[in-house]
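In what follows, a single structure is set out as structure tokens and then discussed.
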Amino acid sequence: MSIESITLVRHGATEWADSGKHTSVTDVALTAEGRRDALALWNHFVEQGHFDGIYSSPMLRAHHTAILAGFAVPELHRGLCEWRYGRYEGMTTAEIRRENPKWSVFRCGGPGGESPEAVSSRCEELLKEWDEKGHRHVLCFAHGHILRALAVHWLGLDLRFADHLHLDPGSISRLGWEHEVPALHLWNYCPQRSVFGPRPG
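The sequence shown: position 72 = 82 (our numbering), numbered continuously.
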């Protein structure tokens, strides 16, 4: 495989994310805090090396994060859109679990949306495409669940393992290698916490 590293950036805060609502096809904007998240990313990436593949989900919250982080023209890629929640769009986990007490998107998917199998296939297609393009260092701006799924797929783990990975808005993670084995190099680093201080709560 040509890929040496994949840097994952979750978009900055939105009103729906702050309230715990599952957001996929609803095109919500960044809040003022979300814009601060993205600007803090710029302070991190200004000193980073070269990326030969820079991608963003086409959703406003991800694309705007990429722009504010200093990447004005990322390639918009629908493969990086958030897991489609179907009937659970706009609902919180607590609301969903009143209907399905053992629900997890990584185990159950979303009714009328995407299954875990469909999302796994999407992750495989992304990696295959980037490899075929000869990318060595990929940067992508996207959403919490699809990025967690992509990380688990890179590591060769069952998708359900993604339940154990927490990812904050405005965070940076990096996938790479430990010798010939896919590895996690960085997870959920939040530049805004050092730049603007910790979030309340």
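No residue lacks a Cβ here, since even glycine has one placed at the ideal position from N, Cα and C.
Residue i burial status per 10 Å Cβ neighbour count (16 or more: buried)
| i | result |
| --- | --- |
| residue 28 | exposed |
| residue 76 | buried |
| residue 208 | Caution applies to residue 208, whose pLDDT of 45 falls short of 50 and renders its modelled position unreliable; the value that the coordinates give is listed next. Per the 10 Å Cβ criterion, exposed. |
| residue 84 | buried |
| residue 115 | buried |
| residue 190 | exposed |
| residue 179 | buried |
Residue i in three-state terms, based on DSSP
| i | result |
| --- | --- |
| residue 73 | helix |
| residue 207 | Its pLDDT being 40, under 50, residue 207 is placed unreliably in this model, and the coordinates cannot settle the point. |
| residue 18 | strand |
| residue 192 | strand |
Residue interval of the beta strand (DSSP E) (run including residue i)
| i | result |
| --- | --- |
| residue 63 | 63-66 |
| residue 44 | Where residue 44 is concerned, there is no enclosing beta strand (DSSP E), although the alpha helix (DSSP H) it sits in stretches over 42-55. |
| residue 188 | 182-188 |
CB contact check: residue i to chain C, cutoff 8 Å
| i | result |
| --- | --- |
| residue 83 | You won't find chain C in this structure, because it holds only one protein chain. |
Fully enclosed by the segment 79-154, which beta strand (DSSP E) runs are 3 residues long or longer? 147-152
Tell me, please, whether the segment 47-58 touches the segment 14-29 by the rule of three or more beta-carbon pairs shorter than 8 Å. yes
Can you confirm whether the segment 87-96 touches the segment 122-140 when touching is taken to mean that 3 or more C-beta pairs between the two stretches lie within less than 8 Å? yes
Decide yes or no for the touch test of the segment 144-151 against the segment 61-78: beta carbon pairs closer than 8 Å, at least 3 of them. yes
Would you call the segment 187-201 in contact with the segment 156-175, where contact means no fewer than 3 C-beta pairs closer than 8 Å? yes
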